[in-house]
Amino acid sequence: MASKTAANGSKKKPSAGPSSDGVVKSKFKLPSAYVARPLPAKLNNYKDASTVIIHPDVMKELGINPGSMCILSKLGSSGVVVLAKPGDELSHPINVVMLSSTMRSVGNILFGDRLEINKVQDQPPYATKVTVGCVQGIEIDDNEIRKAVERILNDCGIIMPGVVFNVDHWNMVVVDVQDMTLPDVSKCDLNQDSTTTVEDSSPYLSPPVIFRRGSTKVEFTKASKPSSRFNLSHSIGYDSVGGLAKEIEVLKNAIHLPLHKPKLFSEFGVAPPRGILLHGPPGTGKTMLLRCVANTTDAHILTINGPSIVSKYLGETEATLREIFDEAKLYQPSIIFIDEIDSIAPNRASDDSGEVESRVVATLLTLMDGMGAAGRLVVVAATNRPNNIDPALRRPGRFDQEVEIAIPDVEERIDILMKQFERMSSEKHSLSAEDIKEVAAKTHGYVGADLTALCRESVMKTIQRVLGDDDKIDESLLKVSREDLDNAMLEIRPSAMREIFLEMPKVYWTDIGGQDVLKRKMKEMIQLPLEASETFARLGVSAPKGVLLYGPPGCSKTLTAKALATESGVNFLAVKGPEIFSKYVGESERAIREIFHKARSAAPSIIFFDEIDAISSSRDDGGSSTTAASNVLTSLLNEIDGVEELKGVVIVAATNRPDEIDSALLRPGRLDRHIYVGPPDYSARLQILKKCTSKFSIDSQPDYNLEKLAEHTDGCSGAEIVLLCQEAGLAAIMEDVEANKVESRHFEKALSGISRIITPEMLAYYEDFASRSGIAV
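So the sequence shown is numbered by the numbering used here: it starts at 10 and just counts up by one.
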């Protein structure tokens, strides 16, 4: 259908011979790409909707006659068919093509995009039927509207799926087209891939047809977008972005006013804002917001993807930057997007910055300072490492405004998930609004990219569930369920937690024998403030920042933390005390800061410090604490109640040596709740024995007396009782490898070998600490 003649000049023009006056004419050189620009205002109507204006020398070189058809496409992709018209030879730039908003919409082409031109050999067929839908999703079947639609389609000439036009106050879209060569979608077998989609090798982004009034039939449908069998690329608009309503409003004001109403600022004698910096964790939607701005603003768009402009040749990177800013000044209003700006403008004072980086930063500073008289020009940059950018860029006059794209809260997660599932047909999922709200409440710390991955994984789970052994799919069962979404949550973890996420064993409160008071206190002090944070804020009640679990070894302190991680459903960070220390200066303190940064990002979250005495030894013991340990403790104290508020993060620490912990860490406002986890009482010991002997077949043994065994284990820790049961089971196996029960004599043998770690002196030590602390719970 299309020739291989591209904009890069692959088709050579024959060498020019000498003219009549004997002078050899120079050969015309085609541009490597063409810049997309709008049609003149006088031509921007439906009669010129299919028109593209090209420099006459380019048309001549490519062999395109005026009024003939060509394919206009982004570099390396399929394109749209347009009618070529020559521009003015003197005023029209050689590397510019002008096209209508209609064709830009179908081809997802922005002002400033680089395009290529290919010649069309065969004329598109005449349409037998054109199906039109209303963007608002309402089926319209009015005779007057039908006539208006036919008139507009006839004016357009070339019709293709995705063409949008207005009739009265309705936004109409061409949903489907039919001709003698295309299959009728109503008669397609949806199980046959060959008839459901347009071939990927097609040069057309959307199959073109010619509308002939009187012979082409127009039908209306409820569908509000083109058929899925056409591989159309859909542009992202603000309405398709969830959870960023406040940020979008800030962006609209900061970009729209300087570009389209600059006189408002000049009337007050002030310069409009020239730069906006978007920053936040990876996956929160910074790059997506840049695309939204590009798709919804009629401005010339120039994009710099960080390292893509960096050249190995001296001065080329700076020259590329200058060319981009020069083009932006030429085609105003214009926006320059710089993604991952930290990669091309690092802090010049850092060790990683060299001479090349310093020159690039200096060039960027100079260019941004030169924007003052540039008129309607805005620079928007994005990064997830704002502190790595050179400070000179972040002052007023350059990046005047900084917009943080933070990790979404529960309401924003609901909005994101709602928009994700709105893209699916209601027939493709069985999720209610309540289901989505419950999932949003559980996905603490998930960013927008995580939630998108969660929806994609739930679809994968649905397909795996429905897919038969013969690879056949029952379409009626292909529906995402709540179970599929829950299973997907087991696979997709928050991005902020992936580096430090631990596979915690599934331990529940019921797995802990006894300790009913401990369980209740943990629920009240940790789970309740996290789950009912709004109520706490409404009543002005501060939730405890930290809880210290202390008691003899083996009494369920760590097991309690594991159960808390499972039952609370919030993000859980487990830190082993001694692993914090590093041989490198400053690394231990950095590790503490990184842990709390991750916890804040993924809030609500719980940080569990096991053996916290290893990193918080007292500074009042005559200098036995090392400098490194003292610095780590200082960092820990600053993170808990320093200048930066610790919101949505609860600290749980465990130790069996509470008097070794520095008193500053135990004061109110830090680890201000102390819970003594003592040896199990008779009832707790009996529960532990019943859990550990559930598979010992003791019901058939009349001489088996767990109550008596619970009395004999008085003073034992929970770990020692578990060990007793394990030793009894091992004794039964050693006696008979085919054993199917454990008898009382095996327990008697195991009991004789158990030594009690907990002594009366140890219990007195903990009682003394409780009386001295004064905050025992």
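Idealized CB from N, CA, C, for every residue including glycine.
### Query
Looking only at C-alpha atoms, which of Met78, Gly578 and Val468 sits nearest to Val448?
Gly578
### Message
With three or more C-beta pairs closer than 8 angstroms as the rule, is the segment 383-397 touching the segment 286-303?
### Response
With a cut-off of 8 angstroms, the segment 383-397 and the segment 286-303 count as touching, because enough Cβ pairs lie within range.
### Message
Along the chain, where does the alpha helix (DSSP H) containing Gly457 start, and where does it finish?
### Response
Gly457 to Val475
### Query
alpha helix (DSSP H) containing Gly738: first to last residue?
Gly727 to Glu744
### Query
Does the Cβ-Cβ distance between Gly457 and Ile425 come in under 7 angstroms?
yes
#### Entry: Cβ neighbour criterion (16 or more within 10 Å) applied to Pro587
exposed
### Query
Between Ile168 and chain C, is there a C-beta pair that is closer than 7 angstroms?
Among the chains of the structure shown, chain C does not appear; only one protein chain is present.
#### Entry: Cut-off 6 angstroms between Cβ atoms - residues of its own chain near Tyr55, not counting five sequence neighbours on either side
Ile161, Asp164 and Cys165
### Message
If we require 3 or more residues per run, which beta strand (DSSP E) segments fall completely within the segment 290-355?
### Response
309-314 and 343-348
### Query
Would Gln187 be called buried (16 or more neighbouring beta carbons within 10 Å of its own) or exposed?
Burial call: buried.
### Message
Please return the same chain residues whose Cβ sits closer than 6 angstroms to the Cβ of Ser352, not counting the five positions on each side in sequence.
### Response
Gly315 and Pro316
#### Entry: Same chain only: Cβ atoms within 6 angstroms of Ser195, ignoring 5 sequence neighbours per side
With a pLDDT of 41 at Ser195, under the threshold of 50, the predicted position of this residue should be treated as unreliable, though the coordinate-derived value follows. For Ser195, where only same-chain residues beyond five positions count, there are no Cβ hits under 6 angstroms.
### Query
For Ser5, which of Asp690, Tyr774 and Glu736 has the nearest alpha-carbon?
This structure gives no information on residue 5, because the portion of the chain shown stretches from 10 to 786.
### Query
Under the rule that 16 or more other beta-carbon atoms within 10 Å means buried, what is Tyr322, buried or exposed?
exposed
### Message
Going by the DSSP bridge assignment, what does Gly586 pair with across the sheet?
### Response
DSSP lists no partner for Gly586.
### Query
Among Gln341, Pro400 and Phe705, which has the Cα closest to the Cα of Ala748?
Comparing Cα positions, the closest option is Phe705.
### Task
Have a look at Leu557, Pro133, Gln130 and Gly171 and flag the residue whose alpha-carbon is nearest the alpha-carbon of Gly142.
Nearest of Leu557, Pro133, Gln130 and Gly171 to Gly142, Cα basis: Gly171.
### Query
Tell me which same chain residues have a C-beta within less than 8 angstroms of the C-beta of Met498, skipping the five on either side of it?
If we look at Met498 and ignore the five residues flanking it on each side, its Cβ neighbours are Val448, Lys451, Thr452 and Leu463.
### Query
Are the segment 121-138 and the segment 83-103 touching by the rule of at least three beta carbon pairs closer than 8 angstroms?
yes
### Task
Work out the CA separation of Glu364 and Ala337 for me, nearest whole Å.
27 angstroms
#### Entry: Glu500 classed as buried or exposed, judged by whether at least 16 other C-beta atoms fall within 10 angstroms
exposed
### Task
With Asp619 as the anchor, note down where its beta strand (DSSP E) starts and where it stops.
Ser614 to Asp619
### Task
Check whether the segment 661-670 touches the segment 552-559, taking contact to mean three or more Cβ pairs, one atom from each stretch, closer than 8 angstroms.
yes
### Query
CB-CB under 8 angstroms to Gln429, same chain, minus the five flanking residues each way: which ones, in chain order?
Gly251, Leu460, Thr461 and Cys464
### Query
Does the beta-carbon of Ser764 have 16 or more other beta-carbons within 10 angstroms, so that it is buried, or is it exposed?
exposed
### Query
For Asp185, which residues does DSSP report across the bridge?
Thr140
### Query
Thinking C-alpha only, which one of Ala58, Pro688, Val106 and Pro49 is nearest Asp66?
Val106
### Message
Suppose the cutoff is 7 angstroms on Cβ atoms and the five residues either side in sequence are ignored; what does the same chain contact list for Ile670 look like?
### Response
Hits under 7 angstroms: Ile621, Asp622, Ser625, Ser627 and Thr664.
### Query
Under the DSSP definition of a beta bridge, which residues are partnered with Gly555?
Residue pairing by DSSP places Gly555 opposite Ile660 in a beta bridge.
### Task
Look up Gly678 in the DSSP assignment and say whether it is helix, strand or coil.
coil
### Task
Express the C-alpha separation of Lys530 and Ser716 in angstroms, rounding to a whole number.
According to the sequence displayed, residue 716 carries Glu and not Ser. Using only the alpha carbons, I get a separation of about 28 angstroms.
### Message
Contact defined as beta carbons within less than 8 angstroms: I believe Gly523 pairs with Gln696. What is the distance between those atoms, to the nearest angstrom?
### Response
Rounded to whole angstroms, the Cβ separation of Gly523 and Gln696 is 5 angstroms, and the two are in contact under 8 angstroms.
### Task
Report, in whole angstroms, the separation of the C-beta atoms of Phe346 and Thr312, which I expect to be a contact under 8 angstroms.
5 angstroms
### Message
Pairs of beta-carbons, one from the segment 394-406 and one from the segment 293-300, closer than 8 angstroms: are there three or more?
### Response
no
#### Entry: Coarse secondary structure for Ile601, derived from DSSP in three states
helix
### Query
Enumerated in chain order, which unbroken segments of the alpha helix (DSSP H) with a length of 4 residues or greater are wholly contained in the segment 372-433?
As far as the segment 372-433 is concerned, its whole alpha helix (DSSP H) runs of at least 4 residues are 419-431.
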